[in-house]
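Asker:
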Amino acid sequence: ESRDDAAVSQILTQERQTFENDDLVGLVNQAVAAAPRLAILNLTRVYVTLTLTQISAELQMPEATVEKVLASMIARDELDASIDKATGNVSFGQGKVPSIVEIQRDIARATEVNARVADIDDRIVVSKPHVMAKLRAAPNLRELLHDYDQKRKANRSLGETIADAVRNV
Numbered sequence: 516e517s518r519d520d521a522a523v524s525q526i527l528t529q530e531r532q533t534f535e536n537d538d539l540v541g542l543v544n545q546a547v548a549a550a551p552r553l554a555i556l557n558l559t560r561v562y563v564t565l566t567l568t569q570i571s572a573e574l575q576m577p578e579a580t581v582e583k584v585l586a587s588m589i590a591r592d593e594l595d596a597s598i599d600k601a602t603g604n605v606s607f608g609q610g611k612v613p614s615i616v617e618i619q620r621d622i623a624r625a626t627e628v629n630a631r632v633a634d635i636d637d638r639i640v641v642s643k644p645h646v647m648a649k650l651r652a653a654p655n656l657r658e659l660l661h662d663y664d665q666k667r668k669a670n671r672s673l674g675e676t677i678a679d680a681v682r683n684v
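Residues are numbered in my numbering as their position in the sequence shown, beginning at 1, plus a constant of 515.
Put into structure tokens, the structure is as follows:
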């Protein structure tokens with residue numbers, strides 16, 4: 516058992532009643548179980564290749580346990596890595612680099628979602644229940660009415676805007 520494991524065990528023992536009272540025992544157990552996985556993922560940010568011995572020393576865990584955790588993470592696609600059993604080296608991959616097409620698709624999706632959110636936001640801001648609630652809560656009614664009128668005008672259709680422009684010519 517490592518220093519970190521001893522410290523975690525001590526905290527778990529001391530705070531057990533608190534975790535039970537708050538119904539957090541399951542979450543705490545999940546966090547403790549996930550700690551080695553997180554530590555391995557953090558190593559991949561710094562190193563491209565490490566030996567099982569080095570990882571074991573860093574995580575303060577037996578090599579067999581480290582190898583088992585690594586194999587599990589690789590099998591679940593949580594980690595892009597390979598283990599060379601002959602040398603004991605673990606090579607961390609750099610992950611899949613997205614193509615231009617994938618990046619463009621993601622940008623298009625984000626733009627579409629942003630437009631939908633803006634549309635919903637505009638509808639909420641000019642909706643009667645929203646405006647009435649704001650009017651009841653705000654001391655400066657004239658300013659709120661002006662803002663409401665500006666929003667309402669901004670949400671008019673393109674046809675209405677063109678028709679107004681033609682009338683004013």
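Built from N, CA and C at the ideal position, the CB exists for glycine as well. Here the structure is a predicted model, which is why all the values come from computation and not from measurement.
Under a Cβ-count criterion, where at least 16 other Cβ atoms within 10 Å of its own Cβ denotes burial, should Val605 be classed as buried or exposed?
Answerer: Here residue 605 refers to the residue found at position 90 when the sequence shown is read from its first residue. Buried, because 16 or more other Cβ atoms sit within 10 Å of the Cβ of Val605.
Asker: Starting from Leu565 and walking both ways along the beta strand (DSSP E), at which residues does that stretch end?
Answerer: The residue labelled residue 565 in the question sits at position 50 within the sequence shown. Taken as a continuous stretch (DSSP letters only), the beta strand (DSSP E) holding Leu565 covers Thr564 to Thr566.
Asker: Assign Met576 to one of two classes, buried (16 or more other C-beta atoms within 10 Å of its C-beta) or exposed (fewer than that).
Answerer: Position 61 of the sequence shown, counted from the start, is the residue given in the question as residue 576. With 16 or more other Cβ atoms within 10 Å, it is buried.
Asker: Please state the DSSP three-state secondary structure of Ser587.
Answerer: Counted from its first residue, the sequence shown places residue 587 at position 72. Looking at Ser587 - three-state DSSP - the assignment turns out to be helix.
Asker: Have a look at Asp634 and Arg651 and give me their C-alpha separation to the nearest angstrom.
Answerer: The residue you call residue 634 lines up with position 119 of the sequence shown. The residue you call residue 651 lines up with position 136 of the sequence shown. Each residue's Cα considered, the two are about 25 Å apart.
Asker: Give the C-beta separation of Leu571 and Glu578 to the nearest angstrom, bearing in mind that I take them to be a contact with Cβ-Cβ under 8 Å.
Answerer: As a working mapping, residue 571 is identified with position 56 in the sequence shown. As a working mapping, residue 578 is identified with position 63 in the sequence shown. Checking the sequence shown, residue 571 turns out to be Ser, not Leu. Correct: roughly 4 Å between the Cβ atoms.
Asker: For the 8 Å Cβ check, are there 3 or more pairs between the segment 538-554 and the segment 583-598?
Answerer: yes
Asker: Val523 to Leu539, Cα distance in whole Å?
Answerer: By 1-based counting over the sequence shown, the position of residue 523 is 8. By 1-based counting over the sequence shown, the position of residue 539 is 24. Going by the C-alpha atoms only, they are around 15 Å apart.
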